[in-house]
Ligand SMILES: Cc1ncc(COP(=O)(O)O)c(C=O)c1O
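Residue numbers (this note's numbering): 5 to 210.
(1) Would you list the one or two residues that DSSP bridges to residue 149?
(2) With respect to the alpha helix (DSSP H) encompassing residue 37, which residues constitute its N-terminal and C-terminal limits?
(3) Would DSSP call residue 69 helix, strand or coil?
(4) Does DSSP put residue 207 in a helix, in a strand, or in coil?
(5) Give the DSSP-derived three-state secondary structure of residue 194 in the structure shown.
(6) Can you tell me which residues fall inside 6 Å of ligand 1, judged by beta-carbon distance to its nearest heavy atom, and keep chain order?
(7) Between which two residues does the beta strand (DSSP E) containing residue 126 stretch?
(8) Is the segment 115 to 132 touching the segment 173 to 184 in the sense that three or more CB pairs, one from each, lie closer than 8 Å?
(9) Would you list the residues sitting across from residue 143 in a DSSP beta bridge?
(10) What is the C-beta distance between residue 116 and residue 140, in whole angstroms, given that I count them as a contact (C-beta under 8 Å)?
(11) How should residue 25 be labelled, buried or exposed, when 16 other C-beta atoms within 10 angstroms of its C-beta is the threshold for buried?
See below:
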């Protein structure tokens with residue numbers, strides 16, 4: 005028996021690995037393209053990164069850090085955002101997470117409950133749907149238009165905003181389409197979010 009919360013939860017890119025393993029056992033040759041795993045396919049982590057990690061461990065630097073993340077790193081992220089994107093923030097506005105997945109977990113935990121809605125792209129990276137449901141929210145898919153190079157359909161986003169919408173999630177470069185959204189469309193989504201006072205969650209680099 006599992007909780008109500010977990011009953012509807014699935015995670016396509018992981019679930020398919022189980023089926024692939026079964027096929028492999030029958031002797032079929034299977035290429036697992038469900039997860040981008042560069043190290044497995046000969047794109048090794050650059051030596052200086054592995055070395056820095058090992059050196060830090062030997063120097064006893066592998067202890068718990070501030071809850072918000074290593075202060076020097078937060079400072080650097082802040083400097084980067086200020087100089088590259090002219091964003092007016094301080095290191096206190098920055099939280100370092102163990103990757104995007106953990107960041108999304110925190111954000112959606114804080115935004116969703118009681119069947120509130122989040123606008124996510126369709127097709128979509130599966131974790132957006134999984135976590136939204138996990139936190140008792142409803143992921144509402146807005147259309148990525150195949151005929152328009154898979155760009156987000158701005159009118160569709162507008163149509164799907166309701167008084168339950170708690171966030172608009174954008175993902176560029178996009179998984180699974182690979183498309184980097186056109187700046188004009190991103191600006192339109194930002195304007196729309198401003199008009200309705202809805203936060204944007206950006207997974208990617210816009
Ligand atoms: C769009 C997108 N978001 C998030 C992730 C997961 O990111 P992380 O490994 O940093 O948790 C992936 C991984 O493929 C992804 O494609």
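Positions of the beta carbon are idealized from the N, C-alpha and C atoms, including for glycine.
This is what the structure holds:
(1) As a first step, residue 149 must be located in the chain shown, where it is residue number 145. Answer is 155.
(2) Taking the first residue of the chain shown as 1, we reach residue 37 at position 33. Here residue 37 belongs to no alpha helix (DSSP H), and DSSP marks it neither H nor E.
(3) The residue given as residue 69 occupies position 65 in the chain shown. Under the three-state reduction of DSSP, residue 69 is assigned to coil, being neither helix nor strand.
(4) Reading the chain shown from its first residue, position 203 is the one you call residue 207. It is a strand residue.
(5) The count along the chain shown starts at 1 and reaches residue 194 at position 190. If DSSP states are grouped into helix, strand and coil, residue 194 belongs with the helices.
(6) So the residues near ligand 1 by this Cβ test are 40, 103, 104, 105, 129, 175, 179, 207.
(7) Working through the chain shown from its first residue, we reach residue 126 at position 122. For residue 126, the enclosing beta strand (DSSP E) covers residues 121 to 126.
(8) Yes, the segment 173 to 184 is in contact with the segment 115 to 132.
(9) Along the chain shown, one-based indexing puts residue 143 at 139. Paired residues: 122.
(10) What you label residue 116 is simply residue 112 of the chain shown in a count that begins at 1. What you label residue 140 is simply residue 136 of the chain shown in a count that begins at 1. Between residue 116 and residue 140 a beta carbon distance of about 7 Å is seen, short of the 8 Å cut, so the two are scored as contacting.
(11) Taking the first residue of the chain shown as 1, we reach residue 25 at position 21. The residue in question, residue 25, is exposed, as its Cβ has fewer than 16 Cβ neighbours within 10 Å.
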